[in-house]
Structure formats: structure tokens, C-alpha cells
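Residue numbers (the working numbering), protein chains in the order written: chain U, 284 to 601; chain G, 284 to 601; chain A, 284 to 601; chain C, 284 to 601. The structure appears right after this line, and notes come after that.
Protein chains: 4
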Amino acid sequence: MENYKRRTDLALEAHEINAEKGQPDGVIVNENVIDEVMVTTAEVKPGRGEDLTGKPAGVYTTVDIGRVWQYDSVRFNKTATVLSGEINKLLPKLQEDKCILVAGLGNVDITPDSIGPKVCAKIIVTRHIRALNRELYDSIGFGSLAAISPGVLGQTGIETAEIVKSVIDKISPYCVILVDALSSRKLSRLATTVQLCDTGLRPGAGVSNSRSEMSTESLGIPVVSIGVPTVVDAATLAYDLLEELIAGSDIKSTGSCDFDNLYDDIVEKLMSGSGRNMFISPKESDVITKETARLISTAINLSLHKGIDIKDMGEYLS
Amino acid sequence: MENYKRRTDLALEAHEINAEKGQPDGVIVNENVIDEVMVTTAEVKPGRGEDLTGKPAGVYTTVDIGRVWQYDSVRFNKTATVLSGEINKLLPKLQEDKCILVAGLGNVDITPDSIGPKVCAKIIVTRHIRALNRELYDSIGFGSLAAISPGVLGQTGIETAEIVKSVIDKISPYCVILVDALSSRKLSRLATTVQLCDTGLRPGAGVSNSRSEMSTESLGIPVVSIGVPTVVDAATLAYDLLEELIAGSDIKSTGSCDFDNLYDDIVEKLMSGSGRNMFISPKESDVITKETARLISTAINLSLHKGIDIKDMGEYLS
Amino acid sequence: MENYKRRTDLALEAHEINAEKGQPDGVIVNENVIDEVMVTTAEVKPGRGEDLTGKPAGVYTTVDIGRVWQYDSVRFNKTATVLSGEINKLLPKLQEDKCILVAGLGNVDITPDSIGPKVCAKIIVTRHIRALNRELYDSIGFGSLAAISPGVLGQTGIETAEIVKSVIDKISPYCVILVDALSSRKLSRLATTVQLCDTGLRPGAGVSNSRSEMSTESLGIPVVSIGVPTVVDAATLAYDLLEELIAGSDIKSTGSCDFDNLYDDIVEKLMSGSGRNMFISPKESDVITKETARLISTAINLSLHKGIDIKDMGEYLS
Amino acid sequence: MENYKRRTDLALEAHEINAEKGQPDGVIVNENVIDEVMVTTAEVKPGRGEDLTGKPAGVYTTVDIGRVWQYDSVRFNKTATVLSGEINKLLPKLQEDKCILVAGLGNVDITPDSIGPKVCAKIIVTRHIRALNRELYDSIGFGSLAAISPGVLGQTGIETAEIVKSVIDKISPYCVILVDALSSRKLSRLATTVQLCDTGLRPGAGVSNSRSEMSTESLGIPVVSIGVPTVVDAATLAYDLLEELIAGSDIKSTGSCDFDNLYDDIVEKLMSGSGRNMFISPKESDVITKETARLISTAINLSLHKGIDIKDMGEYLS
């Protein structure tokens, strides 16, 4: 039963898979409730932890933002503030004369993959205002932010990582925040969870098919990644369902169940034709993606623009 | 094991579910390949057929349009022509002085539910041209078509059926073509299948949550329904997976498997929180929905505007 | 110098044209500043007033909403509140058991013509909630609102007035609010002015090319029209420019200026080809239309849903 | 009467302005009709030509594409082929191992400014296919194309020129094609004309407010610019109207007309408030921009992908 069949971009889920198998992976998990929002950290240790989770060593923070698209403004603002606090913990020390670059990864034309570009569209960019109107910039209490949506390989013919790297080389930010859609193994996590880390995005991750790594090492500056699960791999979903069945019943006690072959047959049958390699997402992805992007951009704006009250945030955006 | 747990709007699938259980439902199925396109008819008989499929008696035609979004123009046109031929079989005899109304049901803001409005947007409407410029109308060989997108209850506060009925009462078409998104039980059928019938749309059907029936009886004129499965109910998908597992293994022979309770537990667990009542759809719904809508509108335009060659179709649309 | 050359849908502008010519038209104009917002009423008298303005007798209220797309939330809410107050003056007495229907006229695919559909999309519709959940409805303090976007003749093949009338006949509202884009003669009025009246919309008005009148007489119930100038007719703009020139200079004293012929020549020359019958609008129509629609929908929501505070308005919209 | 009051990005129009004043500017104009499409070249000479037109010396080709949004496919393809031929004349010699980069300048959210990004979206990008699947690449007859939409300063906080330059430095194309919206002085030229040149885009040009020059000199590789007039500066339109009036009448013979002051007064009056610095565009910008972008992308695809027949072009785009 190979792991590769189960796709998840969440470190916490990779750890869960190990835990379900009773396989210790040395990942240290901590849960915290901050202002009614659950924040879970999973520390992946070098070596065994990396091998068994398939994630680079580091601390992965999962913020349970919940169903943002149903929030009133009070709860929205509270959740954005908690998320902003977690982002702050990952940001390097402010460098007054440099900016932070937000890169919104993904394809704006595929709804569940559009969260990165949609976050970008709501970033209050100020790098140019600082240059053009320093007085205004200082009086409002802006930080210096720039933002790009590099598109995806199929739209540009250029690896996303190449574009991001080239812009970094040009404008020399002191940190880059990468925002991307991820895949999860559970429908219930779709768009209700945000994963933060400082280890970058790995090849083959998520839905955007970025083939080149983007990390502090490859980009040359500190990287903060913000990932939102917006799709579930259909095969992973099927697999988990089946495993639950085995685990929760006395089926496994029969011993005669050749689970792996059976699994392959069923997945083959159910997804014959177009189902293969299918990512699935909620029907309401449009509104879900829009509101989740608004939450994340609000959190980033809060973290950088210390002078703006969250209630006035909307007025700086067109 | 109640049927209500498994949602499908396709008569053929309802029949499949019965067949899998070895339950004869009196539905007569016929398969035909027309110009390389598979066309299946399922005749639901009154009485037992209706009870066991949950569909009104009538003939349901399923056209396997395939993955339209990957077609070249030759295959696209061939498929549209076959689909148009099947629509023709359902249309009532032409009434020269009246029009046909196309009603595109669903919510244009939810991608998988937007197929109806998207078809409407590509209908070559001509009812007004006939009145304003009869010479042009005749010379091109138009038929008389009108089209409305009535929106959904949550957008208008008015039942879709009420709006459609009121427009029918006003403009007196001799037939209404309803286009709507449906739910299927198989990922592989999503957007690769079109169901045609003349029995109308039933309460609770599909994804658009129309609560009032639209049928020849309720609308007072012949109804042709064109439905496209664009979502799968997550619970139905899970159920089918589990049943496949049981059916394909020696698990059922143990006899000890309390399948129903187990099923409920697993679904509960997997979809706890937001998963409940979740409809899922492919990640690429945007492009899939767009191209499928183009196919259906092309087929309808072909059926009604006898004077237009399929190759020139695009020129009558803005 | 025929009037037909100068297109304006604003009664106030029709009066201005007369005033500029020194032609008394019996229109009584009153200006009021309410909470820093200028509100002007123009009362068109039957007979001479109608003939010289080309507008049906009645009171036309012009609210100078200003450049909404640049407002902070305080000013936005203040302006919406004043606009709501003016709408209230035109609404008939509340009929508890009936709803008000908002009809958003125009073509959603042509930005400057999309203000009607965009307002509709932000109306908090409640007619169905009242039926489905009376307790919720009462506890929040909703009024009963329904909303439709009937599209335009070229999209539907059906006159807008026919669709609106058919829905009115079906659901029997006690009042209909029509929202439409208008044409103005001044660039400076584009999207900075709203005209309210209870005389309906006239044939040939505005940009939406509705050919059939929609008035209390034709629709059978009280009509409140909300019009927003979003385009300027290019010929009207040219004409006004030229007339200004003549008026402001000693040119007219030469007497030899055959102004009308000259005008025709110039307009011909400047707009040869595509310029003829051209409506023009600001480059930023997208953001302007969006924000102005938000203002108008907020004002309508305020007028009808007495229980909702303007600050919480956004939470009732998806 | 200063030139700065009249904004045009078209070299041909700058020359027209001089010609109308009877001021020789040394620009050599040639007209050619190719396959029913008018192609005009204006050669701006160094020195006097540059000073009087405000354009860098070089050859500017104007292709009268006409009202593309009303074409049937035959005329569309013919026009695209002529345009492609003119692009070919400006492209440097093919370098087999390098790509051409298309940069679509402008703001995708402002319709008349979105032509660049919209062209990009329809470019058949192949740079990555060449690397990933050389056999496919060769068999179809692709050329190597990459494409980016760098956004505008207000969205990114980064000068467009900086982003374009950084990507050029990274991927080393042998030529960059810049596509941008321009301003014209005549309504009749809007979206019916395309200007091609190899002199780059100048600071302050067009509507996208790019402040930094993009030229062969600044970018380090050959530049081909494709500009489409999509807006008219309202003040320029007014000015031209007035000048026509003077020119076409015996007004100027009075001698007493202080034209400049008068002009300022009138423009002031007409555009008081929001009219200042207003760009105007046709009401139907949405459809116009979309179809014009399709024409330009088709022409670019034709120029680079020698193996694809124009009739099959659509099949390589999603």
C-alpha cells in the first residue's frame, strides 16, 4: 500500500496518515485555541520526520479559519487578526528600505486554483507610493508591499519559479510571501484551513503543477508560504473511504481481503475515463474562493500595514 | 439501505442502481452508435418503472458527448450534429407563427450550476428579428427562438417555475426547452453526458434547487429538458465506493458486516463539518462548463435555424 | 436646430437646454442640501413642460451622489442614506402581504449598460424567506423584496417590458422599482448623479434600447424609476461643445455663421465611420459601475429592510 | 496653442496634426491596400520629425483592421493574415534556440486598458512544450513563444518595465512583442486601427500610465510594439471639434477670436469635476476589446507558428 497514492499538501495530514497506520514519524503536534480559532503546529524533524511525511523539516502551522464565506464581519475580522498574528511569527525582521513581495500562484481561470491571484488582487500595494509620495506613505502607516500573479506554465510558457525569481532579483525584497492552492485528503478541510510555513513550496505540490521548487534556498530570501486546500484528489478520497471501512469493521479480521488489488480495481472502475487524476472541489468554489482570498489578503495587509485599522481596510482597495 | 442516500438525476443511473441490486424495474434500455457517438435510450414504464427509478414515465435519451473541452472542430461539429438530431426527435411539429423558448436554469455565479445560463447566452435569438425584419429572417433561414435565464430562488425571491410560466403565458411559445445542470453518481459522467427527455424537470432535481415542477402539465406546452451532470453528491460517491468494495470482494461472505451502520459512520466521519450535503465537481469546471454549454447551444441553434451551416454558426453570435 | 440631436434622459438637463436658449418651459426647480448631498427636484408641468422637455409630467429628483468609487465608508453610508430617503418619498404605502419587485434593466455584458443587473445582484431578496421562514423574516425586520434582471431584446428576443409585465402579473407586487442606465449630455454627470421619478421609463430612453414604455399605466402598479447616467451621446457632446463656443465668444455677432450646417459637417467628419451613434463612457466604467450599483442597492435595501443597520448590510449578501 | 493639449499615441495622427496646421514635419507617409486592408506607413525622420511628432524616429505602420467585432470568419482571417504579414516585417531573424516573449501591458480590470492581457490569454505559448515534448513541438510546426501579463503599477507596486526587463533577463528571448492600449484623437479610429513599430513604447504613452520606457535600448533586445487605440482623451476630442469649427467657417476671418483662452474656458466648463483628464471609450468596449484581442493574438500566432493553419488556430487554445 504505497503512500504515493494519497496526495496531500498538508504536513498535518501526512502526519495523520502515519498516525493512522500506527507509524511514529517524530512529528510534534501542538494545538492552541487563540480567540476561538484553533491553531495547530506540526514540527517536522529532519531525517525520519522528513522521510515519513514527505515534507521538508520545519514548523507547519495550520489555522482552522472555518467557513469564512458564512461569517459576519465581527467573526471575519477576528479570524483575520489571528491569521495575521501567525503570519507575523514567520516574517523576518522588518527592513525599512526594502519591500515584501507577495506572489499569488495559480491559474486565475480555474476557480479552485485561483486563490493566489485573488489574494494578490486584494493586497494593498505600496512599494511605488513610498517612492512617489513618502509623506502620504508615512502618515497612513503603510509597510512596503509589492504583488505579482505570475500565472502558470501553460499560460506563460515560463516556470512560475523562474518569473518569481527574476522579479526578486530585480526588486530585491527582504521576504517573499507565496500564496497557493493546495490539495487536502478531506472534503471537510477544503477552504476551511490555512497552512503556513517557512519551508517554501515543493515540486509537484498542490494543484498548480509548479515543477520547480521555491524555497529560501532557491530564491535567496526568506520565504513564507500560505497554502489553502481547495481540492481533494479523487483517488485519495476513495482510498481514505476504503481504509476507514477496513479500520472500522471486522473486515480486516478476515485476513483474506487483498486490499490493494481491490482498491486499484475499484478506483479504476469508478473513475474510468475522465475520473483518472481528477481533482474535485465543492460546487460553491466561486464564493468560497473569493471570501477565503479576502481573508488571507486582509491578514497580510494587517501584518504589513500597521497603521491601518482592520475596519478601514476596504477603503484602500478599489 | 435507503435509496434516498444516493442522488442521481439520470434515469439511466437510477436504472443501474436497481440493476446492481438485481432488482428488475421494467426499464427498457437501448444503445445505438450514431456517427461514433453513443446514444442510449431508457424507457421508464408507468407504475413499477416510475416507483423504482423515481422518474416520471417516458423515454430518457442519454448522449455520450465525451470530453468536449478537448475536441477539435471536426469532432465538435459531429457531436453537436448528433445531439441536434436527438433534440429534433423530441421537438413538437413546427408552428410557423410561434416561437420556441429556451430557459437556461441555474445560478450563473456558481460554475457547475451555470450551464443553463451559459447555453442561453449562446442561443441565436430571433423572435424579435422576425417581427422587425421579416425579409432578413426568411433569407437566412432562421427559426423563431427566444431565451431567458430566470435566475434562482435565492437571487430573485421568485420560484424559477413561476418566472418561466409567466413568460410562457405572455409570449405563447409552442414549446419550451429547459436546460439545467444535473447530479450524477459517477465522476466519469460529469460533463461527458447529456440527458434529453420530454417529461420535464422534477421537484428537488439537480443542483439548482428548483422546488416547483416544470412539466408539460404544469407549463401547458410541450417541454424538452436537456440536462448535463456537472456535480456528484459526495455521499453518493462514497456510498458507491463502499458498495463496490463489498460487491467485488469476499467481504460480504463474512455476513457479519453491518454495512448500513458502517456506511453512516464513515460518511459522518469523512465529511464531518462542511462535507455534509456537499456537491463536488472537477477542478476545471470553468472550461468544462463553457465548452459543454457551447456544444448544447450549437445543437439547439442547428435544430431551429435550418438555414445556417454549422461552420457559420459563430458569426451569428456576438 | 432640432432638439432631437441632443440626447439626454435627465429631465434637469432637458430643462437646462431650454434655459440656455432662454426658452421658458415652466419647469420648477428646487435645490436642497441634505446631509451634505445636493438634491434637486425638477417639476415638469403638463402641457408646455412636457412638450419642451420631452418628459412626462411629474417630479424628477436628481441626487448628486458624487464620485462614489472614491468614498470611504462613512461618506458612502451617508450618501446611501440620503438616496434611500428620496426613494422612500416615491414609494407607495407599504402593503404587508405583497412584495416590491426590483427590475434591473440593461445588458450585463456591456459595462456601462450593466448598472441595472448589477444593482439586482446586490438586492437582499426576501420574498421567498417570508414564505419559507416567517419567524426569521420578522425577527430581522425584513421587507418583502423580489428582483429580476430581464436582459435585453438582443439577448432574449423578448421586449424587456413584456418580461417585466409578465412577472408582475404572476407575483402581484404592490410596486416595481426599475433601475436603468441613462444617457447624459455632460461628462461630469456620468455616474455622479441619480435621477428618481415615478413616471416610468419612456420608449427610446437611455442606452438599453427598450422600445416599449414601462409606466404605472402600462404595468398596472406604481413605478419608481432609478436612472444613472453612464454614457454620453458623442453627437450631443460635440453639439454642446460647439454651442458653448458660439455662446462664449463674439462669433455669433458675425451673424454669418450657418451654425447648423457647419455642425452637421463637423460631426460627420469627426465621427465618420464608427463614430456615428456612438455612446461614450469613462475608461474606468468597470469600477465606477460596480460601486454606483452598490450604492443604489444599499439605498434600496435600506428603504425596504427597516430592521437592518446599514453597517451590517454586507452580511446579508453573498 | 500648445501641442501638449492634444494627446495621441499614433504617429500618423501626430503627423496629421502638423499637416492640419500646414507645418511640414518631414514625415513620409505611404499608403498601400493589401488584400482589401489599408496599410499606411509613416516614417518619422530623426531630428525635426521627432521633435514635431513627439515620437522616436522609425517606421510606424498603421493597419486599418476595421470593425473586427462585426466580421464573418472569412474577413476576420483575411485581416489577421495581413496583420501577421506586417508583424513579420518587423520581427528579427528567427533564432531557433530562443523564444519570443509577448508582454500584454495594461490593466485587465479596466476594459479599454485590457487589450494587452487579453491578447496574452490567446497566445499559443510553446516555450515549455519545446522543452518537454520536442517531437510534438516539431511535428506541429510551432515556433517558441512565451507570454506574460505584468499588470500595472497600481496593482503590483512595480513598474511594468521592471517586470518585463527582469523576465527578459531570466529567459533571454531574442525579441519581445509589446501589446498595449493607446489613445487616439478620433472616435472613428477606436479599435479599428492597429499601430506597429519597432521603436518601443515611450514614457507616459497610452492609458496604462507606464512611466518607464520600454525600447530596444532599455530592454536590450529587439522590440516590436503593437498598439491599439481604445480611448480618446476627452480634452483632445473637444479641441479637435473646436478647431474643425474654426477651420471650416469664416469665424477665423474675424480675427478677434482668442481661441486658446476660449478653449480653456469651454473645456473647463464642460468637464468641470470628473471630466478633467477623462478618457472616453465606446459603450461596447467589452465586445470590441475581446474581438480585437482575438485578431491580434491570431496574427501573432500565425507569425510564429508556421505549421498551424489559421482555420485550426482555435483548437490550440483552451
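Don't be surprised by glycine CBs; every beta carbon is placed ideally from N, CA and C.
| Item | Value |
| --- | --- |
| Within chain A, the residues that Arg410 of chain G reaches when beta carbons sit closer than 7 Å | Gly440, Ile441 |
| Under 9 Å from the C-beta of Ser356 of chain U: neighbouring residues of chain A | Lys594, Asp595, Gly597, Glu598 |
| Euclidean distance between Cα positions of Ile579 of chain C and Ile407 of chain C | 12 Å |
| Chain U within 8 Å of Ala429 of chain C, Cβ atoms only | yes |
| Same chain, Cβ closer than 7 Å to Pro400 of chain G, five either side skipped, listed in chain order | Gly387, Gly389, Val391, Ser432 |
| 8 Å Cβ cutoff, Ser564 of chain A in contact with chain C | yes |
| 4-residue-minimum alpha helix (DSSP H) runs that sit fully inside the segment 319-379 of chain C, ordered along the chain | 331-336, 356-373 |
| C-alpha distance - Val255 of chain C paired with Gly434 of chain A, whole-angstrom precision | Residue 255 of chain C lies beyond the stretch modelled for chain C, which goes from 284 to 601, so this question has no answer here. |
| Cross-chain neighbours of Glu445 of chain A in chain G, by beta carbon under 9 Å | Val450, Lys453, Ile454 |
| Validate contact between the segment 471-478 of chain U and the segment 346-363 of chain U using beta carbons, cut 8 Å, 3 pairs | yes |
| Extent of the continuous alpha helix (DSSP H) run through Gly437 of chain G | 436-439 |
| Per-residue contacts from Ser568 of chain U into chain G (C-beta, under 9 Å) | Ile393, Thr394, Pro395, Ser564, Lys566, Ser568 |
| Residue of G:Glu598, G:Ser586, G:Asp523 minimising C-alpha distance to Glu602 of chain G | With chain G covering only 284 through 601, there is no way to say anything about residue 602 of chain G. |
| Within the segment 448-520 of chain U, ranges of the beta strand (DSSP E) (whole runs, at least 3 residues) | 458-467, 476-480, 506-516 |
| Span of the beta strand (DSSP E) around Ser564 of chain A | 562-565 |
| DSSP-derived helix/strand/coil call for Val385 of chain G | strand |
| Cut-off 7 Å between Cβ atoms - residues of its own chain near Lys589 of chain U, not counting five sequence neighbours on either side | Gly424, Gly426 |
| Residues that Ala430 of chain C bridges to, as DSSP identifies them | C:Val385 |
| Buried or exposed (CB count within 10 angstroms, at least 16 for buried), Ile563 of chain A | buried |
| CB of Lys405 of chain U within 8 Å of CB of Arg577 of chain U, strictly | yes |
| Distance between beta carbons of Val312 of chain G and Ala325 of chain G, contact taken as under 8 Å | 5 Å |
| C-alpha distance - Ala363 of chain C paired with Gln378 of chain C, whole-angstrom precision | 24 Å |
| Inter-residue CB distance, Asp516 of chain U and Ser466 of chain U (contact presumed, cutoff 8 Å) | 5 Å |
| Beta carbon proximity, Asp292 of chain A to chain C, threshold 8 Å | no |
| Residue-chain proximity (Ala517 of chain G, chain U), Cβ-Cβ < 8 Å | yes |
| Distance between beta carbons of Glu598 of chain U and Ser356 of chain A, contact taken as under 8 Å | 6 Å |
| Closer than 8 Å to chain G by CB, Val514 of chain U | yes |
| Classification of Leu366 of chain G by the beta-carbon crowding that lies within 10 angstroms, buried from 16 upward | buried |
| Start and end residues, beta strand (DSSP E) containing Val316 of chain U | 311-317 |
| Inter-residue spacing [alpha-carbon to alpha-carbon] between Val570 of chain A and Leu384 of chain A | 26 Å |
| Endpoints, the alpha helix (DSSP H) within which Gly399 of chain A is located | 398-404 |
| Delimiting residues of the alpha helix (DSSP H) encompassing Lys573 of chain G | 568-587 |
| Residues near Ser586 of chain U in its chain [Cβ-Cβ closer than 7 Å; skip 5 each side] | Ser367, Ile370, Asn371, Leu374 |
| Closer than 8 Å to chain G by CB, Gly399 of chain A | no |
| Whole-number beta carbon distance between Ser471 of chain G and Gly483 of chain G, since they are thought to touch under 8 Å | So it is not a contact: roughly 27 Å between Cβ atoms. |
| Alpha-carbon spacing of Pro512 of chain G relative to Lys448 of chain A, whole angstroms | 34 Å |
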